[in-house]
Amino acid sequence: MSDLKQTLKEQIIEQLNLEDLTPADIQDDAPLFGEGLGLDSIDALEFIVLLEQNYGIKIADPSEGKDIFQSVNSLAEYIEKNNKT
Amino acid sequence: MSEIFMTYGTMITPLGNSTEANFDAMLKNKSGVKFIDNSGFNQENWPLGRISSLPSEERYNTLLKRACHNLIEVHGRDLFSNKQTLVIISSTKADINALPKDTFASTRTILKEELELKNKIVVISNACISGVIAINTAADYLNHSDYEKVVVIGIDALSDFIVYGFQSLFALSNEPSKPFDKNRKGICIGEACGVVILSKEKINDAFHVNYLGGSSSNDANHISGPSRTGEGLFRSVNKTMNRATITSDQIDFISAHGTGTNYNDEMESIAFDRLGLINTPLNSLKGYFGHTLGAAGLIEVISTMKMMEHNILLKSIGFEETGTTRAINVLKESKEQEVTTILKTASGFGGGNASLLLKKCP
Amino acid sequence: MKLVASIYISPKGVFLNNELQFSLTEENWKKEIYSKLEIDYSKFHKMDALSKMAFLSTETLSNAVNTNKYDDNGMVLLFANASSSQDTDLKYINSYEVKGSPSPSLFVYTLPNILTGELAIRHKWYGENCFYIEEKFDAEFYLEQINFYFSKGAKACLCGWVNSFDGKEECFEFLIENEGNDNKELIKEELIKLYNQ
Numbered sequence: 004m005s006d007l008k009q010t011l012k013e014q015i016i017e018q019l020n021l022e023d024l025t026p027a028d029i030q031d032d033a034p035l036f037g038e039g040l041g042l043d044s045i046d047a048l049e050f051i052v053l054l055e056q057n058y059g060i061k062i063a064d065p066s067e068g069k070d071i072f073q074s075v076n077s078l079a080e081y082i083e084k085n086n087k088t
Numbered sequence: 060m061s062e063i064f065m066t067y068g069t070m071i072t073p074l075g076n077s078t079e080a081n082f083d084a085m086l087k088n089k090s091g092v093k094f095i096d097n098s099g100f101n102q103e104n105w106p107l108g109r110i111s112s113l114p115s116e117e118r119y120n121t122l123l124k125r126a127c128h129n130l131i132e133v134h135g136r137d138l139f140s141n142k143q144t145l146v147i148i149s150s151t152k153a154d155i156n157a158l159p160k161d162t163f164a165s166t167r168t169i170l171k172e173e174l175e176l177k178n179k180i181v182v183i184s185n186a187c188i189s190g191v192i193a194i195n196t197a198a199d200y201l202n203h204s205d206y207e208k209v210v211v212i213g214i215d216a217l218s219d220f221i222v223y224g225f226q227s228l229f230a231l232s233n234e235p236s237k238p239f240d241k242n243r244k245g246i247c248i249g250e251a252c253g254v255v256i257l258s259k260e261k262i263n264d265a266f267h268v269n270y271l272g273g274s275s276s277n278d279a280n281h282i283s284g285p286s287r288t289g290e291g292l293f294r295s296v297n298k299t300m301n302r303a304t305i306t307s308d309q310i311d312f313i314s315a316h317g318t319g320t321n322y323n324d325e326m327e328s329i330a331f332d333r334l335g336l337i338n339t340p341l342n343s344l345k346g347y348f349g350h351t352l353g354a355a356g357l358i359e360v361i362s363t364m365k366m367m368e369h370n371i372l373l374k375s376i377g378f379e380e381t382g383t384t385r386a387i388n389v390l391k392e393s394k395e396q397e398v399t400t401i402l403k404t405a406s407g408f409g410g411g412n413a414s415l416l417l418k419k420c421p
Numbered sequence: 002m003k004l005v006a007s008i009y010i011s012p013k014g015v016f017l018n019n020e021l022q023f024s025l026t027e028e029n030w031k032k033e034i035y036s037k038l039e040i041d042y043s044k045f046h047k048m049d050a051l052s053k054m055a056f057l058s059t060e061t062l063s064n065a066v067n068t069n070k071y072d073d074n075g076m077v078l079l080f081a082n083a084s085s086s087q088d089t090d091l092k093y094i095n096s097y098e099v100k101g102s103p104s105p106s107l108f109v110y111t112l113p114n115i116l117t118g119e120l121a122i123r124h125k126w127y128g129e130n131c132f133y134i135e136e137k138f139d140a141e142f143y144l145e146q147i148n149f150y151f152s153k154g155a156k157a158c159l160c161g162w163v164n165s166f167d168g169k170e171e172c173f174e175f176l177i178e179n180e181g182n183d184n185k186e187l188i189k190e191e192l193i194k195l196y197n198q
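Protein chains in written order, with our numbering: chain G, 4 to 88; chain W, 60 to 421; chain U, 2 to 198.
Structure below.
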């Protein structure tokens with residue numbers, strides 16, 4: 004799980020073009036949206052691409068992502084449950 | 060501020076190759092939006108306002124040359140090759156296929172050659188409000204410089220770049236767009252070129268309107284989502300009414316932006332309510348042409364001038380049932396009515412909002 | 002009108018009113034400025050190069066002079082460049098041609114005027130904005146536009162020339178106030194001098 008979280012952080016930085024940041028800048032339980040990383044609804048769409056391309060998980064309706072994309076922890080948990088690759 | 064006149068230049072859309080051809084089709088409530096096979100990413104099919112006669116390569120440059128040809132045919136060469144004429148271009152992406160080279164280089168070259176321009180070309184690229192800002196800037200030039208005439212050209216062509224982008228934002232509608240309607244699903248992208256000519260005196264016998272004033276305002280809220288309170292649009296229209304010394308009860312009609320997305324149309328309804336314009340008849344012309352980005356402001360102003368000329372308010376295609384929290388007066392049917400003073404608004408990415416007021420010449 | 006202040010940033014350093022504030026050494030020179038200014042604004046990291054440069058220049062300018070003394074409609078943002086958003090355009094094209102899916106977060110930055118939106122959000126400026134594409138820096142053109150907006154009641158114009166293309170990055174900003182009676186020709190000469198130094 005901690006490997007997955009580290010990989011996820013690298014993928015988030017790559018997918019969202021956050022070239023200023025390193026995985027160490029992202030806390031496992033910190034909110035990704037709003038204050039935390041300052042992400043917004045457009046970035047949520049990037050998470051949909053990320054999940055589909057890297058884990059074969061398809062989210063059809065962007066509003067479904069709200070709970071899943073809360074933090075690196077919640078993302079990792081969801082991937083563990085639904086990973087199809 | 061001196062009196063400023065505005066008349067038709069030309070208009071090229073999926074509905075026609077001239078201002079007249081377009082208005083004839085609009086009177087019949089025709090829509091230029093059609094499903095195009097493989098138009099999206101992953102070979103998805105989207106409804107788009109595509110001009111079928113443009114070649115798949117060089118769409119933009121061909122469209123621009125066609126507009127130049129029309130302008131010379133209607134107005135003659137001298138109007139453009141004159142030292143007292145300025146040209147302003149409104150476009151978001153210009154010739155996107157020129158990348159990595161300058162995407163606006165071909166615009167300058169084509170205009171200089173085709174219209175034999177004598178002055179520098181002003182290029183305004185301010186997302187979807189470019190067209191309205193360009194007309195406002197044209198009026199500024201007439202008010203504060205020696206130019207006698209300013210030609211404003213709004214143009215954008217379809218490209219994978221744009222369609223894939225709006226697709227990635229989940230902003231595209233999978234059916235012809237339905238601005239302000241309860242069942243609206245998003246935007247249909249289109250392509251067009253629209254041209255108006257502003258001047259200190261009437262330039263011919265054709266229909267002219269007076270430009271009364273205009274402005275822009277930023278939402279200061281989000282770069283891609285509209286303000287939930289319609290703040291920027293509210294401020295811009297207020298500023299425009301003050302500049303034009305017009306009050307909301309004097310406005311006969313609003314040519315709204317109305318993209319067909321949930322958030323945009325809702326935002327506009329809130330702003331119009333706050334402005335005391337909730338009962339003023341309005342339409343969105345996106346149902347006729349799709350959203351043509353840098354050309355939208357121009358083709359919508361030209362269409363609205365035609366409506367003023369003929370005293371007819373065209374219905375908002377795609378609108379059936381109120382779908383915004385404020386029950387604004389979206390036209391379900393076209394109707395004949397005296398149209399004297401109109402408000403044009405636009406909103407776009409970057410948080411921009413712009414507006415202008417026009418009045419029929421006495 | 003009055004030229005209040007100017008700022009120039011590039012990988013060479015940060016110059017306020019033509020005086021070097023600090024030079025830069027790191028490859029990620031924009032992040033270096035961000036760190037030196039001790040700003041906490043997480044949205045910065047998501048911005049494209051144009052927005053980052055305009056953001057950092059405006060932060061530096063706002064530290065040096067009061068940019069919030071005008072009413073919130075009074076500040077006009079007039080920006081221009083020669084290369085539009087070409088840099089981000091190419092990255093976005095790469096996202097669907099090479100990486101396999103069009104990137105929405107890159108797409109929203111494929112419009113040059115997004116940077117004025119970022120400044121408006123940061124500083125709560127609701128005034129007028131316009132973005133022009135010009136072949137080269139033209140001081141006369143800015144002064145012409147400034148005159149238009151001052152005659153419509155603007156209190157100040159924050160103007161910028163910001164380019165990011167082919168590895169070359171620079172941002173030049175200047176603030177002009179609608180107070181004072183400085184000679185327009187002298188301001189023009191001063192701007193040309195400031196930009197070229």
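Glycine included, each C-beta is placed from N, C-alpha and C at the ideal position.
Mapping DSSP to helix, strand and coil, what is W:P106? If DSSP states are grouped into helix, strand and coil, W:P106 belongs with the strands.
Determine, for U:G168, whether the minimum Cβ-Cβ distance to residues of chain W falls below 8 Å. Cβ-Cβ to chain W under 8 Å: no for U:G168.
Suppose the cutoff is 6 Å on Cβ atoms and the five residues either side in sequence are ignored; what does the same chain contact list for W:L174 look like? Cβ neighbours of W:L174 beyond the five flanking positions: C127 and F139.
With a cut-off of 8 Å on the beta carbons, I'd call W:E250 and W:D215 a contact; round off their distance for me. With a Cβ gap of about 6 Å, W:E250 and W:D215 count as contacting.
Between U:L21 and U:A65, is the Cβ-Cβ spacing less than 8 Å? Their beta carbons are not under 8 Å apart, which means U:L21 does not touch U:A65 by this criterion.
Cut-off 7 Å between Cβ atoms - residues of its own chain near W:I95, not counting five sequence neighbours on either side: Result list for W:I95: N104, W105, L107 and R109, in chain order.
To the nearest angstrom, how far is the alpha carbon of W:P421 from that of W:S314? Taking the straight line joining both Cα atoms gives about 21 Å.
Within 10 angstroms of its Cβ, does U:F45 collect 16 or more other Cβ (buried), or is it exposed? Buried, because 16 or more other Cβ atoms sit within 10 Å of the Cβ of U:F45.
Which residues does DSSP list as the beta-bridge partners of W:K394? Bridge partners of W:K394: W:L372.
Of the choices W:G253, W:I169 and W:I337, whose alpha-carbon is the least far from that of W:T66? Residue W:G253 holds the alpha-carbon nearest to the alpha-carbon of W:T66 among W:G253, W:I169 and W:I337.
In terms of DSSP beta bridges, what is W:H316 paired with? None; W:H316 has no bridge partner.
Below-8 Å beta-carbon distance, W:S227 vs any chain G residue: With its beta carbon less than 8 Å from one in chain G, W:S227 belongs to the interface.
Are the CB atoms of W:I212 and W:A230 nearer to each other than 8 Å? Cβ atoms of W:I212 and W:A230: not closer than 8 Å.
Same chain only: Cβ atoms within 8 Å of W:L176, ignoring 5 sequence neighbours per side: For W:L176, the CB contacts under 8 Å within the same chain, skipping 5 residues up- and downstream, are F139, S140, T144, V146 and L170 in chain order.
Using a 10 Å radius around the Cβ and a threshold of 16 neighbouring Cβ atoms, would you call W:M300 buried or exposed? W:M300 comes out buried.
Looking at C-alpha atoms only, which residue of U:E39, U:K169 and U:E174 is the closest neighbour of U:C158? A check of alpha carbon separations from U:C158 across U:E39, U:K169 and U:E174 identifies U:E174 as the nearest.
Element boundaries [beta strand (DSSP E), containing U:E145]: For U:E145, no beta strand (DSSP E) run applies; the uninterrupted alpha helix (DSSP H) run containing it begins and ends at A140 to S152, by DSSP.
Classify W:P159: buried if its beta carbon has 16 or more other beta carbons within 10 angstroms, exposed otherwise. In summary, W:P159 is exposed, with fewer than 16 beta-carbon neighbours lying within 10 Å of its beta-carbon over all protein chains present.
Kindly indicate which three-state DSSP category G:V52 falls into: helix, strand or coil? G:V52 falls in the helix class under three-state DSSP.
Within the 8 Å Cβ cut-off, does G:P26 reach chain W? Among the residues facing chain W, G:P26 is not included, as its CB has no counterpart in that chain under 8 Å away.
Quick one: does G:I45 have its CB under 8 Å from some CB of chain W? Yes, contact with chain W.
Using 10 angstroms around the beta-carbon of U:F23, count the other beta-carbons present and answer buried if the total reaches 16, otherwise exposed. A residue is called buried once 16 or more other Cβ atoms fall within 10 Å of its Cβ, and U:F23, having fewer, is exposed.
Since U:Y71 is in the alpha helix (DSSP H), which residue starts that stretch and which ends it? Secondary structure note for U:Y71: it is in no alpha helix (DSSP H), with a DSSP letter that is neither H nor E.
Continuous alpha helix (DSSP H) stretch holding W:I256: start and end: In the DSSP annotation of this structure, W:I256 is not part of any alpha helix (DSSP H); the continuous beta strand (DSSP E) holding it starts and ends at A251 to S258.
Here's a check: name, in chain order, each residue in its chain whose Cβ is nearer than 8 Å to the Cβ of G:Q9, leaving out the five neighbours to either side. Only P26 meet the Cβ criterion.
Anticipated Cβ contact below 8 Å, W:S414 with W:S274, distance rounded: Taking a contact as a CB-CB distance under 8 Å, the pair W:S414 and W:S274 counts as one, their CB atoms being some 6 Å apart.
Close Cβ partners of U:F138 (< 6 Å) along its chain, the five nearest in sequence each way excluded: Only W162 and Y196 meet the Cβ criterion.
Exposure label - U:Q87; buried when at least 16 CB within 10 Å: With 16 or more other Cβ atoms within 10 Å, it is buried.
Taking the straight line between their C-alpha atoms, what separation do you get for W:G135 and W:T381? Each residue's CA atom was taken as its position, placing W:G135 and W:T381 some 46 Å apart.
Proximal residues of chain W, C-beta to C-beta of U:D90 below 9 Å: K152, I155, L158, P159, T162 and F220, listed in chain order.
Residue environment, G:Q18, which counts as buried when at least 16 other CB atoms sit within 10 Å: Buried is the call here.
With 8 Å as the C-beta to C-beta threshold (strictly closer), list the residues of the region 283–310 of chain W near chain U in chain order. Only S283, E290, G291, R294, K298 and R302 from the region 283–310 of chain W bring a Cβ to less than 8 Å from some Cβ of chain U.
W:N178 to W:K142 span [Cα, whole Å]: For the pair W:N178 and W:K142, the Cα-to-Cα distance works out to about 7 Å.
Does the beta carbon of W:F100 sit closer than 8 Å to a beta carbon anywhere in chain U? Taking 8 Å as the threshold, the shortest C-beta distance from W:F100 to chain U falls below it.
Can you give me, in chain order, the residues of the region 107–130 of chain U that have a beta carbon less than 8 Å from any beta carbon in chain G? Going along the region 107–130 of chain U in chain order, one finds L107 and V109 with a Cβ nearer than 8 Å to chain G.
C-beta atoms of W:K419 and W:T399 nearer than 8 Å: Annotated as proximal: W:K419 and W:T399, with beta-carbon spacing under 8 Å.
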